[in-house]
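Chains as they are written, first to last, in my numbering: chain H, 5 to 306; chain U, 87 to 459.
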């Protein structure tokens, strides 16, 4: 059963009661909140997710709760909670959705070590994964949002989840936070995209979330191997360039960027070595989406 | 013995798992989901994972549970490695100074390869040294790049005058807290601890210049931490350390339990040992005989024991991740006050608690010491 099949009332009573339990990839998530504004936003943004089967284990239990502050008695604050703990300070009510989404990322990043977590966007085309690892701020969210609306299946804009022994990648399609200038870029380039409310004043500036495409969510149980690793960089006015990248450099960029490379030690070393050896590695410089799409399509055509 | 005041569902899934890990193969998914959350709060996921791995049961439980347990075990092993490396760096920094270091707690359990060390989650390196050596060690470490946290004047004063350790040192590249103690409990406390007799009885490890407390003292130190130094909140894992070590050494050394009781009486540490034994039997169903407690001097009277019997399980056992109980919150408050009462005389305690409450409301405005007296 999908969230979209629930009436707003049913949806709201799950969130306000024992929790809305949904499948977000290899993990199940339970969300609780009584904030009417957040309930409305999630009803729209989480529409395509499936509810967890009744007796399945849920890994992550998160909550957004109202907070009072002694120092700011009239401010309407909310806070992210996981299993009764609060890793972030309270934020204004309008930021409920962004603090929820960042909180879920944090919990995945600190709790999961049975999979290797690359700090990377990942999309699929022709049955194989294209990894897009990059430093924060280099536009991997924007690029993967664009690709997802041009025939690629979204795995994640944040986590490349790899089973270290088998090399299979797991989809984790979640809301993607577009920041500042990239918001208008996507509004203009992808008028069909489903966007959330504009959230000003977060730690990372103004944020708007973009929903994964329905196809990406419907197929979130289909794992595949990676075939291409592309390090993207958006440079204003640059002509598009897709050039080969030495495997040694790809290795370093991937390993130093992974969340749990050190915790996994030798397992991670072997996994990244095998991954890089089996992939075509490129460096992409672009300023125009259409050009980037053309060269990436050529690369992934087969 | 009377049963603990309450054993609600989230407590019983945890306690049953600890008492008999083999029963975990029969847990339903709903029980697993609750257990994973409660065990995480008690920092016991790594411990449970290690138990299940030892008994080769990780493949016989639901995959989602096994994945989270394996993840915690990987994390715990990484932290153990990181703290070992910190000890290595410390020995390098103190090279040739001939200062004996006694390693305490988690790192000691690991060096001695005790059964409770597997999967144990800890992030600090705790050391006991002679008070005379403190200055030399601190300056050597500061010279080699370790730093103190930025402390308020009040905290600095608190550590230097009233605490049993100096402010934590950490190396900015590695971030492991190094806590250097000169005795095992606050020198202001009601319990007077003779650090010298602990140091004199320390035992060598494979590493030159590195010692641990001897087995009897390991247990006494664990008991002191539980029932003298700590506030007991979410401390079940330390009671588990105590019980596992007690069972391990009782099997390995003849008359171990008698030696333990004799040393506790001799060092006037029988009260914390009494509680550790009492609650190990009550909560963990430890097979040690209740006759052991009867041989201890300075037992609590029936009123005090009654209060502890009611409060301690509510503090040691993790709260439900969603519904915190008022009774547990109250019990934890009482034990918090108790632990401070034991460690500080009233004329120091009251201003200290007033200051701490002030900081809860205005966390960013510590009062400089000049004004605070």
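All C-beta atoms in this analysis are idealised placements derived from N, C-alpha and C, irrespective of residue type, glycine included. The model shown is predicted, which means the values in this text are computed figures rather than measured ones.
Nearest CA to the CA of residue i: which residue from the options?
i, options, result
"residue 304 of chain H", "H:188, H:226, H:127 and H:73", "H:127"
"residue 220 of chain U", "U:296, U:269 and U:173", "U:269"
"residue 299 of chain H", "H:210, H:58, H:270 and H:248", "H:248"
"residue 39 of chain H", "H:16, H:61 and H:33", "H:16"
"residue 57 of chain H", "H:33, H:279, H:103 and H:203", "H:33"
"residue 147 of chain U", "U:125, U:175, U:117 and U:124", "U:117"
"residue 169 of chain U", "U:149, U:137, U:193 and U:362", "U:193"
"residue 135 of chain H", "H:92, H:228 and H:169", "H:228"
"residue 397 of chain U", "U:230, U:408, U:416 and U:404", "U:416"
"residue 335 of chain H", "H:241, H:245 and H:158", "Any answer about residue 335 of chain H is impossible in this case: the structure gives chain H only from 5 up to 306."
"residue 466 of chain U", "U:423, U:400 and U:422", "Absent from the structure is residue 466 of chain U, since the part of chain U shown begins at 87 and ends at 459."
"residue 55 of chain H", "H:105, H:281, H:26 and H:266", "H:26"
"residue 114 of chain U", "H:61, H:53 and H:5", "H:61"
"residue 125 of chain U", "U:442, U:404, U:409 and U:233", "U:404"
"residue 422 of chain U", "U:439, U:431, U:410 and U:407", "U:439"
"residue 237 of chain U", "U:253, U:358, U:106 and U:392", "U:253"
If you drop the 5 nearest sequence neighbours on each side, which residues of the same chain put their C-beta closer than 7 Å to that of residue i?
i, result
"residue 49 of chain H", "179, 200, 213 and 215"
"residue 227 of chain U", "179 and 255"
"residue 165 of chain U", "207, 208 and 209"
"residue 223 of chain U", "180, 185, 215 and 266"
"residue 459 of chain U", "Note that residue 459 of chain U scores 34 on pLDDT, short of 50, meaning its location in the model is unreliable; the coordinates nonetheless yield the value given after this. Excluding positions up to five away in sequence, the list is empty."
"residue 335 of chain U", "301 and 342"
"residue 363 of chain U", "374, 378 and 379"
Considering residue i, what are the terminal residues of the beta strand (DSSP E) in which it resides?
i, result
"residue 2 of chain H", "Residue 2 of chain H is absent from the structure shown; chain H starts at 5 and stops at 306."
"residue 239 of chain H", "That residue, residue 239 of chain H, is in no beta strand (DSSP E); it is neither H nor E in DSSP."
"residue 212 of chain U", "210-214"
"residue 206 of chain H", "203-206"
"residue 137 of chain H", "132-137"
"residue 174 of chain H", "172-174"
Could you spell out where the alpha helix (DSSP H) holding residue i opens and where it closes?
i, result
"residue 297 of chain U", "Careful: residue 297 of chain U lies outside any alpha helix (DSSP H), inside the beta strand (DSSP E) at 296-298."
"residue 264 of chain U", "Run containing residue 264 of chain U: none in the alpha helix (DSSP H); it sits in the beta strand (DSSP E), 263-267."
"residue 310 of chain U", "301-310"
"residue 101 of chain H", "100-115"
"residue 95 of chain U", "95-105"
"residue 185 of chain H", "185-193"
"residue 395 of chain U", "388-402"
"residue 291 of chain H", "No alpha helix (DSSP H) contains residue 291 of chain H, which DSSP labels as neither H nor E."
Here's a check: name, in chain order, each residue in its chain whose Cβ is nearer than 8 Å to the Cβ of residue i, leaving out the five neighbours to either side.
i, result
"residue 428 of chain U", "275, 276, 277 and 314"
"residue 130 of chain U", "100, 104, 322, 323 and 326"
"residue 337 of chain U", "none"
"residue 271 of chain U", "250, 277, 279, 310, 314, 315 and 429"
"residue 196 of chain H", "153"
"residue 174 of chain H", "29, 30, 119, 159, 165, 166, 167 and 227"
"residue 9 of chain H", "none"
Which whole-angstrom value describes the C-beta separation of residue i and residue j, a residue pair presumed to lie in contact below a C-beta threshold of 8 Å?
i, j, result
"residue 118 of chain H", "residue 157 of chain U", "5 Å"
"residue 320 of chain U", "residue 127 of chain U", "6 Å"
"residue 365 of chain U", "residue 379 of chain U", "Contact flag wrong, Cβ pair sits at about 11 Å."
"residue 356 of chain U", "residue 384 of chain U", "5 Å"
"residue 99 of chain H", "residue 187 of chain H", "In fact, because the Cβ distance is near 15 Å, the residues do not count as touching under 8 Å."
"residue 288 of chain H", "residue 208 of chain H", "Contact doesn't hold; Cβ gap of about 23 Å is too wide."
"residue 168 of chain H", "residue 104 of chain H", "The Cβ separation is near 29 Å, so there is no contact."
"residue 82 of chain H", "residue 95 of chain H", "6 Å"
"residue 43 of chain H", "residue 66 of chain H", "The Cβ separation is near 15 Å, so there is no contact."
DSSP three-state label for residue i, please.
i, result
"residue 116 of chain U", "helix"
"residue 23 of chain H", "coil"
"residue 51 of chain H", "coil"
"residue 442 of chain U", "helix"
"residue 211 of chain H", "strand"
"residue 122 of chain H", "strand"
"residue 285 of chain H", "strand"
"residue 227 of chain H", "coil"
"residue 180 of chain U", "coil"
"residue 6 of chain H", "strand"
"residue 157 of chain U", "helix"
"residue 228 of chain U", "helix"
"residue 431 of chain U", "coil"
"residue 235 of chain U", "coil"
"residue 44 of chain H", "helix"
"residue 187 of chain U", "strand"
"residue 336 of chain U", "helix"
Taking 6 Å as the limit between beta carbons, can you name the residues of its chain near residue i, skipping five residues before and five after?
i, result
"residue 196 of chain U", "166 and 203"
"residue 191 of chain U", "212"
"residue 129 of chain H", "156 and 304"
Considering only heavy atoms of the ligand MN, does any lie closer than 6 Å to the CB of residue i?
i, result
"residue 276 of chain H", "The ligand MN is absent from the structure shown, which contains no ligands of any kind."
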